[in-house]
Amino acid sequence: MDINDDVYNTDKKKIAFILSFCMEGGVKLWKEQYLTSRTRGTSPNQTIEWDTLGTFLENFHNAFTPVDKTRSAMNNIKRLRQKTDERVEDIINQFKFLVGQANLGAEME
(Lines of atoms letter the chains of each structure in order from A and count residues from 1; the text may use other names and numbers.)
(Lines give C-alpha, C1' and ligand atoms only; values in the text may rest on other atoms or scores of the structure.)
Protein backbone atom coordinates (compact mmCIF):
# COMPACT_ATOMS: atom_id res chain seq x y z
CA MET A 1 0.00 0.00 0.00
CA ASP A 2 2.93 2.33 0.54
CA ILE A 3 3.79 2.08 -3.13
CA ASN A 4 0.35 3.38 -4.05
CA ASP A 5 0.01 5.87 -1.21
CA ASP A 6 -1.66 8.31 -3.58
CA VAL A 7 -4.38 5.69 -4.25
CA TYR A 8 -4.73 4.20 -0.74
CA ASN A 9 -4.69 7.53 1.06
CA THR A 10 -7.53 6.99 3.56
CA ASP A 11 -8.27 4.38 6.21
CA LYS A 12 -11.42 3.42 4.29
CA LYS A 13 -9.46 2.67 1.12
CA LYS A 14 -6.79 0.74 3.02
CA ILE A 15 -9.40 -1.37 4.81
CA ALA A 16 -11.25 -2.03 1.54
CA PHE A 17 -7.95 -3.11 -0.05
CA ILE A 18 -7.27 -5.57 2.77
CA LEU A 19 -10.84 -6.91 2.66
CA SER A 20 -10.53 -7.48 -1.09
CA PHE A 21 -8.15 -10.37 -0.31
CA CYS A 22 -10.57 -12.04 2.15
CA MET A 23 -12.10 -14.40 -0.37
CA GLU A 24 -12.18 -17.92 1.12
CA GLY A 25 -12.93 -19.89 4.24
CA GLY A 26 -12.98 -18.36 7.69
CA VAL A 27 -11.56 -15.04 6.59
CA LYS A 28 -14.38 -14.61 4.05
CA LEU A 29 -16.94 -15.28 6.78
CA TRP A 30 -15.19 -12.79 9.07
CA LYS A 31 -15.26 -10.16 6.30
CA GLU A 32 -18.99 -10.67 5.74
CA GLN A 33 -19.71 -10.42 9.47
CA TYR A 34 -17.49 -7.35 9.78
CA LEU A 35 -19.23 -5.55 6.91
CA THR A 36 -22.67 -6.49 8.24
CA SER A 37 -21.78 -5.16 11.70
CA ARG A 38 -20.57 -1.85 10.22
CA THR A 39 -23.53 -1.36 7.83
CA ARG A 40 -25.97 1.37 8.83
CA GLY A 41 -29.39 2.22 7.41
CA THR A 42 -31.70 0.31 5.15
CA SER A 43 -31.47 -0.43 1.46
CA PRO A 44 -31.06 1.56 -0.80
CA ASN A 45 -29.61 4.11 1.65
CA GLN A 46 -27.12 1.81 3.37
CA THR A 47 -23.72 3.12 4.35
CA ILE A 48 -20.72 1.53 5.99
CA GLU A 49 -19.36 3.12 9.14
CA TRP A 50 -15.65 2.45 8.68
CA ASP A 51 -13.29 1.90 11.60
CA THR A 52 -9.92 3.58 11.79
CA LEU A 53 -7.20 1.46 10.24
CA GLY A 54 -5.68 0.83 13.68
CA THR A 55 -8.97 -0.43 15.12
CA PHE A 56 -9.63 -2.57 12.06
CA LEU A 57 -6.17 -4.18 12.20
CA GLU A 58 -6.56 -4.87 15.92
CA ASN A 59 -9.95 -6.54 15.34
CA PHE A 60 -8.57 -8.52 12.40
CA HIS A 61 -5.54 -9.66 14.40
CA ASN A 62 -7.66 -10.65 17.41
CA ALA A 63 -10.03 -12.66 15.21
CA PHE A 64 -7.25 -14.87 13.88
CA THR A 65 -4.85 -15.10 16.80
CA PRO A 66 -5.27 -18.23 18.91
CA VAL A 67 -6.55 -17.53 22.41
CA ASP A 68 -4.17 -20.06 23.92
CA LYS A 69 -0.93 -19.81 21.94
CA THR A 70 0.80 -22.50 23.97
CA ARG A 71 -1.92 -25.09 23.40
CA SER A 72 -2.20 -24.15 19.75
CA ALA A 73 1.57 -24.58 19.26
CA MET A 74 1.53 -27.92 21.06
CA ASN A 75 -1.31 -29.12 18.81
CA ASN A 76 0.70 -28.04 15.77
CA ILE A 77 3.71 -30.01 17.07
CA LYS A 78 1.50 -33.11 17.32
CA ARG A 79 0.40 -32.68 13.71
CA LEU A 80 3.87 -31.90 12.38
CA ARG A 81 4.77 -34.41 9.67
CA GLN A 82 7.40 -34.39 6.96
CA LYS A 83 5.99 -34.33 3.46
CA THR A 84 7.67 -36.45 0.80
CA ASP A 85 9.20 -33.45 -0.98
CA GLU A 86 10.12 -31.54 2.19
CA ARG A 87 13.64 -31.22 3.54
CA VAL A 88 14.45 -32.45 7.04
CA GLU A 89 15.97 -29.04 7.85
CA ASP A 90 12.61 -27.38 7.14
CA ILE A 91 10.81 -29.72 9.55
CA ILE A 92 13.44 -29.13 12.23
CA ASN A 93 13.07 -25.36 11.81
CA GLN A 94 9.27 -25.62 12.06
CA PHE A 95 9.65 -27.78 15.16
CA LYS A 96 12.03 -25.30 16.82
CA PHE A 97 9.69 -22.43 16.01
CA LEU A 98 6.71 -24.27 17.53
CA VAL A 99 8.71 -25.24 20.62
CA GLY A 100 9.43 -21.55 21.15
CA GLN A 101 5.77 -20.64 20.72
CA ALA A 102 4.75 -23.35 23.21
CA ASN A 103 7.35 -22.10 25.71
CA LEU A 104 8.80 -25.62 25.87
CA GLY A 105 12.36 -24.47 25.30
CA ALA A 106 12.62 -22.47 28.54
CA GLU A 107 14.72 -24.12 31.22
CA MET A 108 12.99 -24.95 34.48
CA GLU A 109 14.56 -23.97 37.81
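Take the sequence shown: its position 22, counted from the start at 1, is 22 in the UniProt record's numbering, and no numbers get skipped. Using N, Cα and C, we set each Cβ at its ideal position, and we do this for glycine too.
- Between Gln-94 and Val-88, the gap from beta carbon to beta carbon reaches 8 Å or more.
- In this structure the region 2-20 lies against the region 46-61, because at least three pairs of beta carbons, one per stretch, are closer than 8 Å.
- Straight-line measurement puts the Cα of Glu-49 at about 28 Å from the Cα of Val-67.
- In the three-state reduction of the DSSP assignment, Thr-47 falls in the strand class, which pools E and B.
- In this model, Glu-24 and Lys-31 are separated by some 10 Å (Cα to Cα).
- Of the candidates Gly-41, Thr-42, Cys-22, Cys-22 places its Cα closest to the Cα of Tyr-34.
- If only complete runs of 3 or more residues are kept, the region 38-103 shows no beta strand (DSSP E) anywhere.
- Out of Val-27, Asp-6, Asn-45, Gln-101, the CA that lies nearest to the CA of Asn-76 is found in Gln-101.
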